[in-house]
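Engineer:
Numbering (our numbering), first residue to last: 2 to 642.
1. Measuring only the C-alpha atoms, how far is residue 201 from residue 564?
2. Hey, is the region 500-517 in contact with the region 559-577, meaning 3+ C-beta pairs nearer than 8 Å?
3. Give the range of the beta strand (DSSP E) segment to which residue 94 is assigned.
4. Classify residue 2 as helix, strand or coil using the three-state DSSP reduction.
5. Which two residues bound the contiguous beta strand (DSSP E) that contains residue 582?
6. Whole angstroms is fine: what's the gap from residue 418's alpha carbon to residue 268's?
7. Beta carbon of residue 644, beta carbon of residue 227: below 8 Å?
8. Does the Cβ of residue 233 have 16 or more other Cβ atoms within 10 Å, making it buried, or fewer, making it exposed?
9. Count the other CB atoms within 10 Å of the CB of residue 152; is the residue buried (16 or more) or exposed (fewer)?
10. Does the contact criterion of 3 or more C-beta pairs under 8 Å hold for the region 451-471 versus the region 333-349?
11. Could you check where the beta strand (DSSP E) with residue 227 kicks off and where it finishes?
12. If you scan the region 541-614 from start to end, which runs of the alpha helix (DSSP H) of 4 or more residues do you find wholly inside it?
13. Are there three or more Cβ pairs, one per stretch, closer than 8 Å when the region 521-536 is compared with the region 583-591?
14. Measure the alpha-carbon distance for residue 625 versus residue 222 and round it to whole angstroms.
15. If you check the beta carbons only, do residue 329 and residue 349 fall under 8 Å apart?
16. Check whether the Cβ atoms of residue 208 and residue 249 sit closer than 8 Å, and answer yes or no.
17. Whole angstroms is fine: what's the gap from residue 189's alpha carbon to residue 196's?
18. Helix or strand or just coil, what does DSSP make of residue 472?
19. Cα separation between residue 206 and residue 380?
20. Can you tell me the Cα-Cα spacing of residue 270 and residue 191, whole angstroms?
21. Helix, strand or coil: which one does DSSP assign to residue 534?
22. Assuming the contact rule is C-beta atoms closer than 8 Å, residue 423 and residue 505 should be a hit. Round their C-beta distance to whole Å, please.
23. How about residue 321 and residue 218: do their beta carbons lie closer than 8 Å?
24. So residue 520 and residue 572 are in contact, right, with Cβ under 8 Å, and what is the actual spacing, rounded?
25. Does the beta-carbon distance from residue 93 to residue 115 come in below 8 Å?
26. When you compare each of 297, 323 and 315 to residue 303 by their alpha carbons, which one comes out closest?
27. Short check: CB of residue 252 to CB of residue 229, under 8 Å?
28. DSSP three-state label for residue 526, please.
29. By the three-class DSSP mapping on this structure, what secondary structure does residue 75 have?
30. Who pairs with residue 119 in a beta bridge, going by DSSP?
31. State the start and end residues of the unbroken alpha helix (DSSP H) segment that holds residue 312.
32. Between residue 2 and the rest of its own chain, which residues show a CB-CB distance below 6 Å, the 5 nearest in sequence each way excluded?
33. Look at the alpha carbon of residue 20 and the alpha carbon of residue 263, and state the distance between them as a whole number of angstroms.
34. One question on the structure: do residue 16 and residue 44 come within less than 8 Å of each other, judged by their Cβ atoms?
35. Check each candidate in 351, 368, 91 and 54 and name the one with the smallest Cα separation from residue 42.
36. DSSP three-state label for residue 422, please.
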């Protein structure tokens, strides 16, 4: 049978599952299906439900004409609350749909929209997270364009509100003063709410100034529990021998660079809370998601090398105990009320992401088949790699051979694709996406190296923190060691090497071509050229300063970040570079690309500079994604042959 050809349209016209929610009784999985590439002015998605045991075919609950997100089950497992902008595009409101008949009802019409929600144990109450509705003065200012923005003035943080769905009454208790509400979770025994807040809606400094609070939804009594660790998320309650505890995931204190940790704090009935204990100190895996179990310790999804595992917090610890393992990548973990069943999005080496469910102890079965059009594609053979860095550190990664070829057919032109973050990883999943992706290049005849250098996820905090104030140094050495190994093994042609990546991967591509002339082509996607400028203009300034080692305002330079910025080595670049960037990028502003473009132009370096209008850090519009795929492959074909 003839094999289908992988086209750019096949990549971006696919559909992906996200935002899973397993019903409290463990019988149903609600999830969102969204297209990879956005065709119109607004994103769209669909809400679906599937039987967790796979006995019935999945059923679509919404039409896909609006953007539906964040499904949450009511306690009876018969009603799903979700957010949708079907009334006004771009403004989410709370809706609900009955499982029995699929009837959708609007629940809120809050001016300015809703950002989050949580159905409570009381079936008549739902937490709604939303900023204050615009005042008459706000409307006048907008109408007359009297809208000068003064930092710190007219701040509109998201607030916690209690909605009675029967009467429509909304109460706004003073749960956290003027702080910005990020997450809410309910204690199973008495309904007390734990609230995670930021000091301000701005990521900088809100993300590094989180706090914890309690609210009794019945009495309105509140309690401030003090600060949490930076970048806190995934808040859960769990019962211990000494009473209730709160656990959450955050950057391992006190650093802003490094691995995430599971932090735990005892919450006594009265008096101060306990110490925030690190339950994952010294481990060689990285927690990514905590999921509350109403009757026991929470589940933890962890990145472990090239695979993913589900752990359970051990009350006798402090530690975690592995309960099951997934080969490849698992995300969006969700569980039943008692924690005996789970669901997740799972992708393996040659299988795209699909909804899987099953017992917590495994195995998980696939409930969906969202990419049948990919079944007849001949993929490049994907291998797991393990090798040593120059200093003896054990590293891993992936090698994808050209489709239909074996190692014996080498050497091949080799493209190295570096992951973002740096706290991300290449898991052993189907490497296919709108950015320069492994199988997209392998099906065009390239061998692709996907390294996991130090600084990334999957090997614990000590592995990840090694890049603090030292980005590009040992990272580049780790990548170079893998390339040299593949050359020595006869896989890679040393005269036809390329490198590329997005975000931090774009940084390392720009860094590499300033350190060596061995690459014949490079792709810098949304990459960093100057760490000091990123600390000043990026939305996560404190974290970028910690990576680059300085901010630029410490006094007269040269600064630490100057040594670690690709722009400082632009005069040495001889490799042709393709620069790609979203015009409205708030994470890595487009000025980073502009700076590198101007330097390469000044030194007469062959390059192409492409800016995508309306795009942020990730490229979302279908035609732009098609352009990224076609342009990157054409760039490597031009220079590597």
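Note that beta-carbon positions come from the ideal geometry of N, C-alpha and C, so glycine has one too.
Structural biologist: Here's the rundown:
1. Position 200 of the chain shown, counted from the start, is the residue given in the question as residue 201. Position 563 of the chain shown, counted from the start, is the residue given in the question as residue 564. Answer to the nearest angstrom: the Cα atoms are 33 Å apart.
2. yes
3. Residue numbering aside, residue 94 sits at position 93 when the chain shown is read from its first letter. Counting along the chain, the beta strand (DSSP E) containing residue 94 begins and ends at 92-99.
4. On the chain shown, residue 2 is found 1 positions in, with the first residue counted as 1. Note that residue 2 has pLDDT 49, beneath the 50 cutoff, so the model's placement of it is unreliable and no number is given.
5. For the purposes of this step, residue 582 is taken as residue 581 along the chain shown, with counting starting at 1. Residue 582 -> beta strand (DSSP E) spans 578-583.
6. For the purposes of this step, residue 418 is taken as residue 417 along the chain shown, with counting starting at 1. For the purposes of this step, residue 268 is taken as residue 267 along the chain shown, with counting starting at 1. Roughly 45 Å separates the two Cα atoms.
7. Absent from the model: residue 644. The displayed extent of the chain is 2 to 642, so no value can be given.
8. Mapped onto the chain shown, residue 233 falls at position 232. Buried, by the Cβ-count rule.
9. Reading the chain shown from its first residue, position 151 is the one you call residue 152. Residue 152 should be labelled exposed.
10. no
11. Position 226 of the chain shown, counting from 1, holds the residue named residue 227. 223-228 is the span of the beta strand (DSSP E), which, as asked, contains residue 227.
12. 542-549, 561-564 and 592-603
13. yes
14. Within the chain shown, numbered from 1, the residue matching residue 625 stands at position 624. Within the chain shown, numbered from 1, the residue matching residue 222 stands at position 221. About 50 Å.
15. Position 328 of the chain shown, counting from 1, holds the residue named residue 329. Position 348 of the chain shown, counting from 1, holds the residue named residue 349. The answer is yes: Cβ separation under 8 Å.
16. Sequence index remark: in the chain shown, residue 208 carries index 207 (1-based). Sequence index remark: in the chain shown, residue 249 carries index 248 (1-based). Cβ atoms of residue 208 and residue 249: not closer than 8 Å.
17. Looking up residue 189 in the chain shown gives position 188. Looking up residue 196 in the chain shown gives position 195. Between residue 189 and residue 196, the C-alpha separation is close to 15 Å.
18. Position 471 of the chain shown holds residue 472. Three-state result, residue 472: coil.
19. Your numbering for residue 206 matches position 205 in the chain shown. Your numbering for residue 380 matches position 379 in the chain shown. Rounded to whole angstroms, residue 206 to residue 380 spans 44 Å at the Cα level.
20. What you label residue 270 is simply residue 269 of the chain shown in a count that begins at 1. What you label residue 191 is simply residue 190 of the chain shown in a count that begins at 1. Taking the straight line from one Cα to the other gives about 12 Å.
21. In the chain shown, counting from the first residue as 1, residue 534 sits at position 533. The answer is helix: DSSP assigns residue 534 an H, G or I state.
22. The residue given as residue 423 occupies position 422 in the chain shown. The residue given as residue 505 occupies position 504 in the chain shown. At roughly 5 Å, the Cβ-Cβ gap stays under 8 Å, so residue 423 and residue 505 are in contact.
23. For the purposes of this step, residue 321 is taken as residue 320 along the chain shown, with counting starting at 1. For the purposes of this step, residue 218 is taken as residue 217 along the chain shown, with counting starting at 1. Cβ atoms of residue 321 and residue 218: not closer than 8 Å.
24. As a first step, residue 520 must be located in the chain shown, where it is residue number 519. As a first step, residue 572 must be located in the chain shown, where it is residue number 571. Contact doesn't hold; Cβ gap of about 17 Å is too wide.
25. If you number the chain shown from 1, residue 93 lands on position 92. If you number the chain shown from 1, residue 115 lands on position 114. Contact flag set, yes.
26. Against the chain shown, residue 303 aligns to sequence position 302. Nearest C-alpha to residue 303: 323.
27. As a first step, residue 252 must be located in the chain shown, where it is residue number 251. As a first step, residue 229 must be located in the chain shown, where it is residue number 228. In this structure, residue 229 does not lie closer than 8 Å to residue 252 by Cβ.
28. On the chain shown, position 525 is the one that residue 526 refers to. Residue state, collapsed to three classes: strand.
29. Position 74 of the chain shown, counted from the start, is the residue given in the question as residue 75. Of the three classes helix, strand and coil, the one that applies to residue 75 here is coil, per DSSP.
30. Walking along the chain shown from the start, residue 119 turns up at place 118. For residue 119, which the question treats as bridged, DSSP gives the partners 128.
31. The residue you call residue 312 lines up with position 311 of the chain shown. Looking at the DSSP string, residue 312 is not in any alpha helix (DSSP H); the run it does join, the beta strand (DSSP E), is 308-315.
32. In the chain shown, the residue the question calls residue 2 occupies position 1. Per-residue confidence for residue 2 stands at a pLDDT of 49, beneath the threshold of 50, marking its modelled position as unreliable; no derived number is given.
33. Walking along the chain shown from the start, residue 20 turns up at place 19. Walking along the chain shown from the start, residue 263 turns up at place 262. The alpha-carbon atoms of residue 20 and residue 263 are separated by roughly 22 Å.
34. Your numbering for residue 16 matches position 15 in the chain shown. Your numbering for residue 44 matches position 43 in the chain shown. No, the pair does not count as a contact, with Cβ atoms beyond the cut-off.
35. Counting from one through the chain shown, the residue named residue 42 turns up at place 41. Nearest option by C-alpha distance: 91.
36. Along the chain shown, one-based indexing puts residue 422 at 421. Three-state DSSP puts residue 422 in coil, outside helix and strand.
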